[in-house]
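These notes concern the structure reproduced below.
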Amino acid sequence: MTQAVFAPWDDPSQKPIIRFNRVTKRFGEFTAIDDLTLDIFEQEFFALLGPSGCGKTTMMRMLAGFETPTDGTIELAGQDIAPVPPNKRAVNMMFQSYALFPHLSVYENIAFGLRRGDMPKHDIDDRVAEMLKLTRLEKFARRKPHQISGGQRQRVALARSLAKAPKLLLLDEPLGALDAKLRQATQFELMDIQEKTGTTFVIVTHDQEEAMTVASRVAVMDEGRVIQVATPERIYEAPNSVYVADFIGDVNIIEGTAKASGEGRFDVVWDADKEPFTAASELPLSDGQTCHLAIRPEKVTISAERPADAVNAVEGKVLDIAYLGNLSTYHVELPGGQIIKAQTANTRRVSRRGFTWEDPVWISWTATAAVLLEQ
Amino acid sequence: MNRLSWFNVTSLTLGFAFLYLPMVILVIYSFNESKLVTVWAGFSTKWYGELLQNEAFLDAAWVTIKVAVLSSTFATVLGTMAAYVLVRGGRFLGRTVFSGMIYAPLVMPEVITGLSLLLLFIGIGLDRDVLTIVLAHTTFSMCYVSVVVSSRLMTFDRSLEEAALDLGCSSFDAFRLVTLPIIAPAVISGWLLAFTLSLDDLVIASFTAGPSATTLPIKIFSAVRLGVSPEINALSTIMIGIVTVGVISASLVSKRNSLRQQREEQAAARAA
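Right under this line is the structure:
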């Protein structure tokens, strides 16, 4: 099974297709990208994730050739691309606004890039037909962009940017303009197309769910720096900082001081009057060091009595209940005023919900459920 | 349909009377039998017939159209280029000065423009002819074109040009294949504006026209100084007619296009 896992980033013999080498980009006084180093491998579906203004779009525009780095180099397949203008790069981009040419038909939009080379006419026809088939747009070839729906426009933009078979496809918030249902369907379509064409995709998004769904690896960015690069699973289960833990999904953060309590185990003192929490961690924390405990709500168990075998358990009272249909989230207030979220799956349709407002409850979690973070 | 109040009816009547009464009178008198402009002597179209016999007027009309077509075309090319650089060129040295200088001729008194052009043509020894009028008209109308085109370019989605570059276009190809077709309506209205400006310009043309080439406004103006003739009324009526037909058909076409676009967009949204 192991050899089937796609993980070129763990294989030192693999050469990255893109290499950001200590790249800095400044716009006047403002530093958009700050000394950034990053490798992206062939056939990856790589997501740049971050809040607006974190520099993710600037990175994409540097790859496309619309911006040049102030410092450092960007290599594409081993070649520094700084001197190559956008129209000579084997990189294509799908724009957030789609940027479809309104005066050209769907067919002509897709053929636009192909016509710029010296491709013979019938080859262009074949290639466009192939792209129309891939994106299920055969029926709309003769329509103008304003004559098709938003979802179809999105697919035209994708077909157009894939038509030239680029080494690298950049997608700038490709699903931002679609409604929630269509977006989900399109995410799977994108993954499918990426797999079929074998193109390396770099997607920019501020939607963490989207990044987690489509990407092979996610880079979480903040203020021009990459905070963590890892697979969606590791980003979620093993964030390297409070910022990443908080940005991806829902999390409870408990601040405290660490005290080693055994091999790879720490006691976290969070309240002088209370029993400390126990967490497993490989971090080299010194005694008395400030640290944060990050626990996902779905890993917190809520019960009426203290569970007999619980490593970490604390009493509180239910402050709020958010019923989401498939899940219920309980906001439990601890005596010190801290609020811990606990999530349970509503696996039965007709059953009395266990707890209601103001109920005294116990919340508990295992030693490995929480992630210990230095910062 | 809302019923108009008496106040609205009065405003409408007064406003339109103020705008169109002079022209209506001119049109009516162009069908006057009498040679005396102010005395009505019955309906006739004889002045239209006579107009067609008048070589001097026909020559002047021909010169005017030639000048208008040529100068508005040159002005459109130059004005569009200027607008493109000023809107797209980013922050190059002297950009503010250049954009200010482009718009200066808009507020420059025509007499000064005319006089300075006259001095230039004399200075370089260029005989005053159709060419000098064309050059003069290009000079003052290109800034109007540039205003119209640059306001369109400012709302133009930059990513369309970037997409063209991304797909392998050179900057010139991106302009030719993407930008120009999309801003074409603005370029065309710039051309039409330059065309009409050139058609009715009297001041600058009278500085730069020579004995061998006279435009219609000059001709009419000098004829009127000798007394208004019904022929001129007839000529003016024809010009009003041409302009009216042009304006109405242009607005009908654009109305129909926007309706069609709206229908198609709704159809696409429903089909989704």
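The listed protein sequences correspond, in order, to chains A and B.
Per our numbering, residue -13 is the first one in the first sequence, and the count goes up by one each step.
Per our numbering, residue 450 is the first one in the second sequence, and the count goes up by one each step.
Glycine included, C-beta positions come from ideal geometry on N, C-alpha and C.
Remember, it's a predicted structure, so these values are computed and weren't measured experimentally.
Return the chain-ordered list of same chain residues with a C-beta closer than 7 angstroms to the C-beta of residue 560 of chain B, the five sequence neighbours on each side being excluded. 652
Taking all protein chains shown into account, do 16 or more other C-beta atoms lie within 10 angstroms of the C-beta of residue 343 of chain A, making it buried, or fewer, making it exposed? exposed
Determine the contact status of residue 325 of chain A and residue 316 of chain A, defining contact as a CB-CB distance below 7 angstroms. no
Taking the C-alpha atoms as reference points, what is the distance between residue 717 of chain B and residue 132 of chain A? 8 angstroms
Rounding to the nearest angstrom, what Cα-Cα distance links residue 471 of chain B and residue 479 of chain B in this structure? 12 angstroms
In angstroms, rounded to a whole number, what distance separates the CA positions of residue 706 of chain B and residue 634 of chain B? 12 angstroms
Report the neighbours of residue 631 of chain B on chain A: residues whose CB is nearer than 9 angstroms to its CB, in chain order. 87, 88 and 89
Quick one: measure Cβ to Cβ for residue 134 of chain A and residue 118 of chain A, integer angstroms, because I've assumed they're closer than 8 angstroms. 12 angstroms between Cβ atoms; not a contact.
Rounded Cβ spacing between residue 232 of chain A and residue 282 of chain A (contact assumed at less than 8 angstroms): Not a contact, Cβ separation roughly 11 angstroms.
Going along chain B in order, which residues have a C-beta closer than 8 angstroms to the C-beta of residue 102 of chain A? 616, 617, 618 and 622
Where residue 3 of chain A and residue 26 of chain A are concerned, what is the direct C-alpha to C-alpha distance, given to the nearest angstrom? 6 angstroms
Could you name the residues of chain B that residue 135 of chain A contacts, counting a contact when the two beta carbons are closer than 7 angstroms? 717, 718, 720 and 721
Rounded to whole angstroms, what is the Cα-Cα separation between residue 640 of chain B and residue 229 of chain A? 57 angstroms
Using the beta-carbon count (16 or more within 10 Å), is residue -4 of chain A buried or exposed? exposed
Tell me which residues of the stretch 693 to 704 of chain B have at least one Cβ-Cβ distance to chain A shorter than 9 angstroms, keeping chain order. none
Unbroken alpha helix (DSSP H) run spanning residue 167 of chain A, endpoints: 166 to 183
Please report how far the alpha carbon of residue 60 of chain A lies from the alpha carbon of residue 629 of chain B, in whole angstroms. 33 angstroms
Counting only Cβ pairs nearer than 8 angstroms, list the residues of chain B close to residue 83 of chain A. 606 and 608
CA-to-CA distance, residue 195 of chain A to residue 161 of chain A, given in whole angstroms: 12 angstroms
Taking three-plus beta-carbon pairs below 8 angstroms as touching, is the stretch 485 to 493 of chain B in contact with the stretch 599 to 606 of chain B? no
Roughly how far, in whole angstroms, is the beta-carbon of residue 476 of chain B from the beta-carbon of residue 689 of chain B, given that I think they are within contact range, below 8 angstroms? 7 angstroms
Strictly by DSSP, which residues pair up with residue 230 of chain A? Partner(s): none; residue 230 of chain A has no beta bridge.
If the cut is a Cβ gap below 7 angstroms, which residues of chain D does residue 627 of chain B touch? Protein chains in the displayed structure are A and B, and chain D is not among them.
Residue 191 of chain A bridges to which residues according to DSSP? A:35
Rounding to the nearest angstrom, what Cα-Cα distance links residue 459 of chain B and residue 648 of chain B in this structure? 34 angstroms
State yes or no: is the C-beta of residue 347 of chain A nearer than 6 angstroms to some heavy atom of the ligand PLP? Only the bare structure without any ligand can be found here, which leaves the ligand PLP out of the picture.
Opposite residue 16 of chain A in the DSSP bridges: which residues? A:13
Have a look at the DSSP bridge pairing and note the partners of residue 309 of chain A. A:314
Quick check on residue 203 of chain A: buried or exposed, where buried means 16 or more other Cβ atoms within 10 Å of its Cβ? buried
Would you say residue 612 of chain B faces chain A, with C-beta separation under 7 angstroms as the test? yes
Per DSSP, what kind of secondary structure is residue -5 of chain A in: helix, strand or coil? helix
Using DSSP bridges, identify the partner residues of residue 327 of chain A. A:317
Here's the rule: buried if 16 or more other CB atoms are within 10 angstroms of the residue's CB, otherwise exposed. What is residue 455 of chain B? exposed
Would you say residue 714 of chain B reaches chain A, if we count a Cβ-Cβ gap shorter than 7 angstroms as a contact? yes
Straight-line CA distance for residue 40 of chain A to residue 213 of chain A? 11 angstroms
Could you give the DSSP three-state label for residue 695 of chain B: helix, strand or coil? helix
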